[in-house]
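Comments concern the structure below.
Number of protein chains: 2
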Amino acid sequence: MPRPRKFVESDVVSSAGEVFAAHGLAAATLDDLVRATGLGKQSLYNAFGGKRELFLRALSEDREEATRAVSEALGHEDASALEQIRGHMLRLAIELSSSDRRVSLTTRALVESTGEDDPLSTATKAGIEQLAEVYAQCLEHAREDGDLPDDANVQSLAVYFVAVTRGMELLGRAGVGRAVLTAVALDALRALHGQRMEAADGSPSLRE
Amino acid sequence: MPRPRKFVESDVVSSAGEVFAAHGLAAATLDDLVRATGLGKQSLYNAFGGKRELFLRALSEDREEATRAVSEALGHEDASALEQIRGHMLRLAIELSSSDRRVSLTTRALVESTGEDDPLSTATKAGIEQLAEVYAQCLEHAREDGDLPDDANVQSLAVYFVAVTRGMELLGRAGVGRAVLTAVALDALRALHGQRMEAADGSPSLRE
DNA sequence: TACGTTATTGACCATGTGGTCAAAAACCTG
DNA sequence: CAGGTTTTTGACCACATGGTCAATAACGTA
């Protein structure tokens, strides 16, 4: 018997995500969100709870989507794991050198989070771990294929790839062009080929 | 004959930089700056012109300082260029995994800039190029030393290092610990070696 | 010591913000 | 068609913000 909603929640979150990606959490005004999503302030409010909550939702969706995308890009069976990661990086280089002003919500959350216990921070941390896990799986396959040294530290390499891709994102935003970014991606991939150096102290693991 | 200023401009810029590094441009309130710098709003205003201008000043100083620091770290004559870059990266890993909530002003400017022609954006671009140039010089030395393949693309490798360090910065902020970040730094360095060189030495300056 | 110049101070302001409220509208069921 | 429930709407608000103003203080000079 209640009046049904006129909107689809995921659409709203997605539109909001666009706004946040373009402006950031703080700089995105509630009015921007209202305009982008099409529904009124109050509707937004009682459906999500506020700007921050909405951002968290968008962040969560963005993270899922990103993970899925990478996972998919690395999951094809028609090429070796190593080739896939290579293709993935090269594609990313092109994508990130495009001129739109988007910044991934994860990066935004990271930068705009106010403290270690900020929900933004914890969500981001989780996202990074999740992403690293995807890379790790692919790298593990590569190792099993013999394309990586047996003693390669798949975990740290996975985190390394997260770092590199974040850095490339920033560089892309700074206006570094497609050619350079592609070269950077290729440089980054060369880290896979060498012999494993001695491990740093302790056994690196993402959670600490 | 005019009344002299009671403050030193560079001190003010430096204090302001602290605030900006901790909160960002948008989130740093004028009041924060007043509190941190010690002088009044109006003094701030007619000495610098406004929050944005002050940020630009701080950004510029930060960039200079960062470039100088890296340049210095890479400029010692008592070790090979390759060893220096290695030490630099390892030190950076430790520094960036510290728990303070600082984010380099360059990254902040990058993320908070609103458009391609935003002063923030252009200043940042310049800063990145400058930093890359420092890396490039060091890498060139390494190449001359025979520690890098003759056909190594020093320019793109330099940009690669900028990307990696930015990524490490973000990861550090995300709470990735010292051990993992150090491992990432070592992974990153392997891009230099390709499959030819393995390091024979231990890892210097792991703790400092 | 008085003057001119500039720095400083603290009150002040317009504006845009995230968030709230109460009334009206829309829907499903009975 | 009526009742109950929830959404929608648009006006409203308290407040913090960046920025400004006019008065005052401090200094070097003549």
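The listed protein sequences correspond, in order, to chains A and B.
If you read the first sequence in full-length UniProt numbering, its first letter stands for residue 1, the second for the next number, and so on.
If you read the second sequence in full-length UniProt numbering, its first letter stands for residue 1, the second for the next number, and so on.
Positions of the beta carbon are idealized from the N, C-alpha and C atoms, including for glycine.
It should be emphasised that the depicted structure is a prediction, and the values quoted were computed from it without experimental measurement.
When the Cα atoms are used, glycine 50 (chain B) and alanine 27 (chain B) turn out to be separated by approximately 15 Å. Among the residues of chain A, those whose CB is under 8 Å from the CB of threonine 107 (chain B) are Val111 and Leu170, following chain order. As summarised for the stretch 70 to 112 of chain B, the continuous alpha helix (DSSP H) elements at least 4 residues long and confined to that stretch are 81 to 96 and 105 to 112, given in chain order. Within chain B, the residues placing a beta-carbon under 7 Å from that of aspartate 187 (chain A) are Ser156, Leu157, Tyr160 and Ala191, ordered along the chain. Relative to valine 111 (chain B), the option among A:Val159, A:Ser104 and A:Thr165 whose CA is nearest is A:Ser104.
For the stretch 130 to 174 of chain A, there is no continuous beta strand (DSSP E) assignment of 3+ residues that stays within its boundaries.
In this structure, B:Arg101 is the residue among B:Ala191, B:Val13, B:Arg101 and B:Gln137 with its C-alpha nearest to the C-alpha of glycine 115 (chain A).
By the criterion of a C-beta distance shorter than 8 Å, alanine 73 (chain B) is surrounded in its chain by Gln84, Gly87, His88 and Arg91, once the five residues flanking it on both sides are discounted.
Glycine 167 (chain B) belongs to the set of residues whose beta carbon lies under 8 Å from a beta carbon in chain A. Judged by beta-carbon spacing, glutamine 155 (chain A) lies beyond the 8 Å limit of alanine 142 (chain A), meaning their Cβ atoms are not closer than that value. Annotation for glycine 17 (chain A): the continuous alpha helix (DSSP H) segment containing it runs 9 to 23.
Counting every other CB atom within 10 Å of its CB across the protein chains shown gives serine 97 (chain A) a total of 16 or more, marking it as buried. By the neighbour-count definition (other C-beta atoms within 10 Å, threshold 16), asparagine 46 (chain B) is an exposed residue.
The beta carbon of valine 180 (chain B) falls within 8 Å of a beta carbon belonging to chain A, placing the residue at that interface. Taking CB atoms only, glutamate 64 (chain B) has no neighbour in chain A less than 8 Å away.
Excluding the 5 residues flanking it on each side, leucine 54 (chain B) has same chain C-beta neighbours closer than 6 Å at Ala16 and Phe48, in chain order. Using a Cβ-Cβ cut-off of 8 Å, isoleucine 128 (chain B) is close to Leu171, Ala174 and Val176 of chain A, given in chain order. Each of A:Thr106, A:Thr29 and A:Thr67 was checked against the Cα of leucine 170 (chain A), and the nearest Cα belongs to A:Thr106. Taking a C-beta distance under 8 Å as the contact criterion, arginine 3 (chain B) and alanine 93 (chain B) do not qualify as a contact pair.
Look at the stretch 116 to 143 of chain A: the residues with a C-beta under 8 Å from a C-beta of chain B are Glu116, Ser121, Thr124, Lys125 and Ile128. With fewer than 16 other Cβ atoms from the protein chains shown falling within 10 Å of its own Cβ, lysine 6 (chain A) counts as exposed.
Here valine 159 (chain A) really is in contact with valine 184 (chain B); their C-beta atoms are around 5 Å apart, less than 8 Å. At a beta-carbon threshold of 9 Å, the residues of chain B lying near alanine 183 (chain A) are Asn153, Gln155, Ser156, Leu157, Val159 and Tyr160, ordered along the chain. Below the 8 Å Cβ cutoff, chain A contributes Ala26, Val111 and Glu112 as neighbours of glycine 24 (chain B), in chain order.
Rounded to the nearest whole angstrom, the C-alpha separation of glutamate 77 (chain B) and threonine 67 (chain B) is 18 Å. Inclusion of valine 134 (chain A) and serine 71 (chain A) in the CB contact set at 8 Å is warranted, their separation being smaller than that value.
In this structure, the alpha-carbon of methionine 168 (chain B) lies about 14 Å from that of alanine 188 (chain A). Here serine 99 (chain B) is exposed: its Cβ has fewer than 16 other Cβ atoms, across all protein chains shown, within 10 Å. Contacts between arginine 101 (chain B) and chain A, judged by CB atoms closer than 9 Å, involve Ser113, Thr114, Gly115 and Glu116 in chain order. Among the residues of chain B, those whose CB is under 8 Å from the CB of alanine 163 (chain A) are Val164, Gly167, Met168, Leu170, Leu171, Val184 and Ala188, following chain order.
Alanine 47 (chain B): member of the alpha helix (DSSP H) spanning 41 to 48, first to last residue. Only buried fits leucine 139 (chain A), as 16 or more other CB atoms lie within 10 angstroms of its CB. The three-state reading of DSSP puts arginine 52 (chain B) in helix, counting H, G and I together. When DSSP states are grouped into helix, strand and coil, glycine 127 (chain B) belongs to the helix group.
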